[in-house]
Every structure is written in structure tokens, then in C-alpha cells.
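See below for the structure under consideration.
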Ligand SMILES: Cc1cc2nc3c(=O)[nH]c(=O)nc-3n(C[C@H](O)[C@H](O)[C@H](O)COP(=O)(O)OP(=O)(O)OC[C@H]3O[C@@H](n4cnc5c(N)ncnc54)[C@H](O)[C@@H]3O)c2cc1C
Ligand code: SF4
Ligand code: SF4
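Chains as they are written, first to last, in our numbering: chain A, 1388 to 1853; chain B, 55 to 485.
Okay, here's the thing in C-alpha cells:
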């Protein structure tokens, strides 16, 4: 259903006719993210400033129009899908890097800046923005903050929230303020910037982000280590992590995932092995890094590694990491659809959880390739399926629930980095407990009294319009 | 009737990961999802599922705003064959719309696709007239008169390449391997290449010959049909494909060498174009299997002799149909680096389309110019003396852009640089 002429006229007066899209074609193109969910908005608005965002939110409040902020639409939980129609608020035109402040080691950016573009730019100044979701070439910083995105390097460097120094936020009711600043320490009031980080665009809209930067490490090594099976690889991970060494990344791929990526771009993955680990180590002294790499290699050998291949050149290494980043989309080569899990467990539980996933795969008769950020216990078992088969989808739901419950039983949780969105909200009560869920819902209602921001997402229940 | 279908299977391969967005030229310029590969695939999905209609204005606009540059296809981890989708969509759009074409559009398509590019003799006559036109001062007079602006042809006219004279005579011209003959190949001489860029065709012959390869130019060959397929004229493309397949079939040469990236991509895809044609499918497959871009081929057989020294700073602009459609990216660079004295200076975004894309610069000048500007900014920033490319469309587009900006930078095809470098060496005597 189209908006009334008044709403259209008001939106037009805020952003002008060029940055308001209402054709049927445009609405189709803004109806999805990287999941299989889709639902078209009634209009797409492309703001260029916090003021414009504020006016749009005030209007949405007045007319009770649902609104879904959208970064690059690479989300894996349906977070930016306009489930209830309304306005898709797209940040692709707010994509300027406003400042790289080398004295304070921070970058100030608009939410539409692509993660990789920021990384390349700060590297020119000898600086480093570590969070590296596998979607770094497509995802936007605003989306990264809203989902509290992780990535391979988070093992050593932490996730997006560890880099958020300040946010400029527009509340659902239209007020604009900045929380945090360029300074390192703040003990003044609530830490709201952390509350908005990972809130999946339900508490406010982020319009400016100040990010902490680190000095760029001078040396980086990569090692590829095949194992006979996933469990042995996971045992090796726990050994390394208790050895006093801290690699930047330890990524896991099983044989399924290796085959899919190798088909996309042959980089010589050990297809005969049951699993592989991909390591990165970085630092400022070559000898130290080389010695540490060898130490990791030795632990792997002792833990049953089939071999250890240390990368020879930066280009070759980058190819391996590119292959790793392509795992998730390349899985679609095997079956038409995939249900991507994102469980996060304490590292020590890794071998146990992969065993259980193997069992679940057998019991439900569904292929469940496993890959992920093994070093920090965040795995992506992907249940491969065919959505056109209702009986199979029933099994998928069963398997997904069991995987999640196994993770919780082992002290873990539902999502490590992709967020809840539409995809996993039905598990939220189990994940948080009834009391905490009720409190989180109250908190959200306080921020967003009319329930306009991302209604239908994150929580299974709530205000009627959610 | 079009037998290129908008295959749902290809659409379903898209998992909407969004990785292709940053490499899509139209998305880079506009920042709007509808102008992205993922957006266009979603539009076609909706068409197939009965939501949007193929002839809806927004759908048609997107199918033609797309440059068919295949950058999205080259990066897609899920293996989505996007080119096949957009080409099928265009073919169906044109089949459906043909009866409704206005008189001007009908005339232009008749003269170009069904006339000039379909018939060698017509093309040669036109080419000869062009030479006359450019040499007689008439060009100057016409430009001056504003007549072209009036007819909205100025963009097109500025693009006309200076014509190399005389044209290649297929069947007659050949280059015997210098020294010992290592291999024997056929050259696909092309329509624009054999006329406007006859010099590049000849340079290709000389460079291959210098490296022990005998080069022949089978008679009966003609335009590859790429322009037809990109403009949705499937029948025209098929006709040309059959003609070319027949022309090369008799020769026993192991490979067919092409020096125009767009033609190379089209020739390699004859197998797909004719896959529903029982009589031709197998012959097309055989033909396509033999096609090699000249840089790909030289990379494969290696240079027998180091070229002479060419002290030049060169930047390389990757033709879409080489880098993306044929995934040939390292060989051209290695060839350039094999020339002593030549310094390769990489530009930013070397593989982002320059906006030429066949006849795109005539259909969508604002987008084409935005891309051209971006490309030239990136090229000029390297301070190189030469932009090297490997496709006539890019060549003309870049040249026109540089002239407009009054930049001293030159545009050269890779084989022209190799040829110049070899010319610095003494001649090899035939054994
Ligand atoms: C191939 C692939 C690999 C991936 N790998 C990883 C990975 O390794 N680690 C990881 O963490 N994630 C990964 N993801 C998931 C996804 O890329 C991240 O969640 C990313 O942060 C989403 O960013 P986006 O800009 O695409 O956001 P979108 O998908 O557009 O939106 C995500 C959420 O953020 C909200 N949002 C967006 N912008 C704003 C704003 N300005 N203000 C308020 N809310 C906003 C939206 O409403 C939505 O809820 C991957 C995805 C793909 C497709
Ligand atoms: S990269 Fe491939 S799978 Fe991903 S959105 Fe683009 S076309 Fe779809
Ligand atoms: S072919 Fe080129 S212009 Fe068309 S969608 Fe793909 S990347 Fe974009």
C-alpha cells in the first residue's frame, strides 16, 4: 500500500525528490538483506545528514510509520528487511570518512562507509582498524556497529564495540545527541554508546561514528594447517589458546566448506583433509612473529596436524583470506538455501559442540557444514536445505533449535556476531530468560514509545506494532 | 522469438551477500541498490515470479543502465552467471518491443545492427566514406555547423575513431613465423579492429610472428556479434556466429586469436548462444574452445625473445570483457612488465568500467561520462605517459576523453607496445 500524498510530500520536502524512491522497482530492490527474507518498504529514503534523519523520524512518529535503517544490506539475520513495510532508511549516501585524527588515533565516519574502504584509508596513515567481518568488502560501518560485528581478527583484537569511542545518535523521537568522544576515558554518566552498539537499530539511528584506531602491525604471517577431522582441529585450538600464544586469527573450515570455496576460486585448499585451520599472527618484529608461528605450528603437529603450510608471500596469504571470506556465499553451490547459525560457546566447549553438531546433522539427515572463528568459540554451522520443501524445512527448524540449545547448555549463546533480527527472535526467551527479556522490552519501549524502529525484530513479543 | 531465457536457476544462485556491489560501476556512481547487480537480479526474480513485468519502465531502464561489464560475475562467490541473465532479458525486451519501435530507433538499429555490423561490404563502404569524411575537412565543417547537436549525434560523432587505412584483407594477409615456426594460429580480425584498428591487427600478426607463430586470417569471417547480443538482437548475433564458425572450421589451426576483449568474450560464448540449436551447438562448442585472447595466448606459449627497450611509464586499464568476462588479468600485466625499460604504474580501480561498454556511451551519456571521468582521474593521477588497454571500445572512449581534457596521455593496445618494443630489435631472418 502506498503512502498518503501528505506523507510523500513531507518526505520530499525533507530529502528532495532524488533521494526519495517510491517506484515498484526500487521497493523490490530494498526488500531484502543477505538472508532469504524479504518484505518491501513503501518508500526508500536516502538521508545525507543527522538533521534529515531527525526530521524523517519525527514524521514517522507522527504518522506511526515503521522504519528500518539499512547499511549495506549484508546482514545475516534480516535486521534491515522492512518487515512491516514503511520506510527503508538507507545510509549508502552518507559514506564520507570525515576525519582521520592521527594524534588521537581515531577516525570519524558516517555510517555508510564501507568497512574495507575505512581500513584501506587508515592504513595510509600507518593505522589499523582491526574488526574484519568476512563481509568487510560490502558491509557498512553503521551496520557493523548496529550488529556489533566480529570477524577473524577479533580473537586478538576484539569486536566492533571495542572500537566505538563515540556515536552520534538520533532517537526514535527525533532528538540528536552524541555519546562518548575522542578521549580514552569516560566516567561521566551511562555508557550509552555501548547500549546503541549491537542494538540492531532498535533504540536509535546512528549518524556518526568515532572509532578507535591502533598502530598497524608491521608483520603478518599466515599458516594453513589441515587436520583429519573437525574435532582434532578444535582440540588443537584449545591447546594453542592455553599455551600463552595469541594469534590474531584462528579460523576453522571443514571439508564441505573447503570444497565449495575451492570451486569458487582454486587456492589449493587441502581437499583431502577433514578440516583445516587458518592462522594469522601479527606484530612488529619479524623474528618474534616467525618464532611464534613456528611455536603454533609445533603445537599443531603435536596435536595431530597432517602438515603445516606457512604462506610465502603477502599476495598468496591474501588469496587464502579472501577464500575464507567467501565461504558463506559459496556454500549455496551445494544446496539452494542455507540457514546460517552463529552460535558462540566458551572455547573449551568447541570439541564437544562440533561433535553434537555432527550428531544433529545425522539425526535430521541434513548437511551441516561448519566453519567459523574457532579461536574465539564463534561457529557458523550452516544447515543446507531447499526452502521449497516444507517437510525438509520442518527438519531444519528442529535442527536449528537443537544446535542452539546445545550451545546454551555448554555455556554459550544464540548469536555471536550476526544478531537476532527476524531470523532468531523466537529463541530469545530461552537465550535471555523471561525476566531479562521483559526488561529489555521495557527498555526498548522507553526509547521508542511508538514502536517505529525496526518493529517485528529482535524480540518475539512486545508492543503490538512489533 | 528469443531462446535465451531468464533462468530462474541462475537467479536462485544469488544468495544476496552483496559482495558484488562495490565492483559494480553503476552502483559505485549512484549508491542505489536498484542500480546494483543484486538489485537487478531481484528485479528479474520478481519478473519471473509474476510481480514486476519485464517491460515495466524501471526494469527496462535497469537492464540498459547495466553496462554488462561482468564485474559482478567475476567476484561472485556463489557463481551467479549474471551476464546470461541480462543478455536474456535484453533479448526478450527487444523481441517484445520491436513492433513498437519509433522510426528513429528502427532506422538506427537497421543501419547499425542489421546493416553495417551485419554486412562486411556495407561496413567497408561506410569505413571508406569515413576515411574520406575525416580527411576531407568535412568532419570539421559538420562539427562546426552544430548539425550533429541538432540530431543529438554529437556524443556519437566524437567517438568515431580515426580510421586506419587500408583495411585488413581477410584470407590474403598472413604473417609467417619469423625463425622456426612453433605454432600456427588464426587471427579473428573483427569489424572495428580490421578497419579502424587495422594497425592493431597487424601489430598482433607481427608480434606473434616474431615469437615463432604463423598467423592466418581466414576469409569469410566477420563481426563477432557482441554489439548485437548486448543490444538484445539475438537473431543478428546468431547469424554472425554461424558465419564465423563456418569460416574458421576448415582451418586446422589449434587456436583462434583475438585482440579485442569484447569480441573474445563473445566468441567464447558462442557455445551458449547456440546451445539450443541442434545443428550448431557442437560446432559452436568446438569453436569457442579454441578462442584465446592474444595476451592469454602469449602468456600460455611464452615469448621466445625479450622485446627491445621501451622507456615509458604505462598504466593499465583492464577491459571489462578481459578482466571480468574472461578473467584475464595477470597475463597483460606480465607482458607489459616483460618489456625492458617500461614501467607499469597501477592506477586506482583498474578494473572499474570506463563507461564505453559497446554502444553504452551513446545510450546513457551521463553514466558513461561519469565513469569515464573517474577512470581518467585515476589514470592521470599515475602520471604515466600511456594508458594501455586491450579493447577497441575502451580505446576509443579513453582517447575521446583525453582529447576533450586536452591531456597529452596516449592510448595504446598492449600489442602495439610490444610491437614497438620488438621494432627496436634487429629483424629476424626467416629460416
Ligand atoms: C558473506 C558474509 C559474511 C559475513 N561475515 C560476517 C562476519 O565475519 N562477522 C560478522 O559479524 N558479520 C558477518 N556478516 C554479517 C553482516 O555483514 C554484518 O552483520 C554487518 O555488520 C552488516 O552490515 P550492513 O551494513 O550490511 O548492515 P545491514 O544488513 O544493512 O543492517 C544490519 C542491521 O543494522 C541496522 N542498521 C544499519 N545501519 C544503521 C544505522 N545507521 N543506525 C542504526 N541501525 C542501523 C539495520 O537496521 C539492521 O538491523 C557477514 C555477511 C555476509 C553476507
Ligand atoms: S556476489 Fe553473487 S551471490 Fe552475492 S549478491 Fe552479488 S550476485 Fe548475488
Ligand atoms: S554487469 Fe557491470 S554494470 Fe551490470 S550489474 Fe554487473 S557489475 Fe553492474
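Glycine included, each C-beta is placed from N, C-alpha and C at the ideal position.
DSSP puts residue 368/B in a beta bridge; with which residues?
398/B, 440/B
Local Cβ density within 10 Å of residue 337/B, reported as buried at 16 or more and exposed below that
buried
For residue 1761/A, the nearest candidate out of 1529/A, 1665/A, 1522/A, 1577/A (CA to CA)
1665/A
Hey, residue 1790/A and residue 1845/A are a contact pair by Cβ (cut 8 Å); roughly how many whole angstroms apart?
No, residue 1790/A and residue 1845/A are not in contact; Cβ-Cβ is about 20 Å, not under 8 Å.
Taking Cβ positions only, does residue 407/B come closer than 8 Å to chain A?
no
Could one say the Cβ of residue 205/B lies closer than 8 Å to chain A's Cβ atoms, at least one of them?
Here the model assigns residue 205/B a pLDDT of 45, short of 50, so the residue's position is not dependable, and the following value carries that caveat. False, the Cβ-Cβ gap to chain A never drops below 8 Å.
Inspect the beta-carbon positions of residue 1458/A and residue 1467/A and report whether they are closer than 8 Å.
yes
May I ask whether a heavy atom of ligand 1 can be found less than 7 Å away from the beta carbon of residue 1401/A?
no
Beta-carbon neighbours of residue 1489/A, restricted to chain B and to distances below 9 Å
Here the premise fails: no neighbours, minimum Cβ distance about 22 Å.
Alpha carbon to alpha carbon, how far is residue 226/B from residue 273/B?
8 Å
What span of residues does the beta strand (DSSP E) with residue 238/B cover, start to end?
237-242
Quick check: the Cα distance between residue 196/B and residue 1711/A, rounded to an integer number of angstroms?
Bear in mind that a pLDDT of 49 at residue 196/B, under 50, signals an unreliable position, so the number given afterwards is only what the model happens to contain. If I take the Cα positions, the gap works out to 58 Å.
Would you say residue 200/B reaches chain A, if we count a Cβ-Cβ gap shorter than 8 Å as a contact?
Caution is warranted here: a pLDDT of 48 is assigned to residue 200/B, below 50, making its placement in the model unreliable, and no coordinate value can be reported.
Residue 1359/A and residue 1608/A closer than 8 Å at C-beta:
Here chain A covers residues 1388 to 1853 and nothing more, so residue 1359/A does not appear.
In this structure, does DSSP put residue 1652/A in helix, strand or coil?
coil
Looking at the C-beta of residue 1653/A, does it have a partner C-beta in chain B at a distance below 8 Å?
no
Would you kindly report the start and end of the unbroken alpha helix (DSSP H) that includes residue 375/B?
374-377
According to DSSP, residues forming a beta bridge with residue 1565/A:
1555/A
How is residue 1515/A classed by DSSP in three states: helix, strand or coil?
strand
Round the Cβ separation of residue 326/B and residue 138/B to the nearest angstrom and send it over; I've been treating them as touching at under 8 Å.
7 Å
Does the separation of the CB atoms of residue 1624/A and residue 1737/A fall below 8 Å?
The answer is yes: Cβ separation under 8 Å.
For residue 1603/A, which option in 1405/A, 1518/A, 1749/A, 1434/A has the closest C-alpha, if you only look at C-alpha atoms?
1518/A
Give the C-beta separation of residue 1552/A and residue 1572/A to the nearest angstrom, bearing in mind that I take them to be a contact with Cβ-Cβ under 8 Å.
Contact flag wrong, Cβ pair sits at about 11 Å.
On the three-state DSSP scale, how would you describe residue 1725/A?
Looking at residue 1725/A - three-state DSSP - the assignment turns out to be strand.
Inside the region 287-363 of chain B only - alpha helix (DSSP H) runs reaching at least 4 residues
DSSP runs (the alpha helix (DSSP H)) wholly in the region 287-363 of chain B: 288-303, 315-322, 324-327, 335-344, 348-355.
Which residues, in order along the region 1453-1469 of chain A, keep a beta-carbon less than 7 Å from a beta-carbon of chain B?
Interface annotation for the region 1453-1469 of chain A against chain B: 1459, 1460, 1461, criterion Cβ-Cβ distance under 7 Å.
List the residues of chain A whose Cβ lies closer than 8 Å to the Cβ of residue 80/B, in chain order.
Per Cβ cutoff of 8 Å: no residues; residue 80/B is ~12 Å from chain A at best.
In the DSSP assignment, what residue or residues form a beta bridge with residue 229/B?
269/B
Rounded to the nearest angstrom, what separates residue 1668/A and residue 71/B at their Cα positions?
28 Å
For the alpha helix (DSSP H) holding residue 421/B, just list the boundary residues, first then last.
419-434
Would you verify that the beta carbon of residue 1644/A is, or is not, closer than 8 Å to some beta carbon of chain B?
no
Just the Cα atoms here: how many angstroms apart are residue 1540/A and residue 1595/A?
24 Å
Integer Cβ distance of residue 1493/A from residue 1505/A, believed to fall under 8 Å:
Not a contact, Cβ separation roughly 12 Å.
Does the beta carbon of residue 1510/A come closer than 8 Å to any beta carbon on chain B?
no
Measure the alpha-carbon distance for residue 1428/A versus residue 391/B and round it to whole angstroms.
Here the alpha carbon of residue 1428/A sits roughly 52 Å from the alpha carbon of residue 391/B.
Proximal chain B residues relative to residue 1525/A, where beta-carbon distance stays under 9 Å
Ordered by position in chain B, the residues that pass the 9 Å Cβ test against residue 1525/A are 71, 72, 73, 74, 75, 76.
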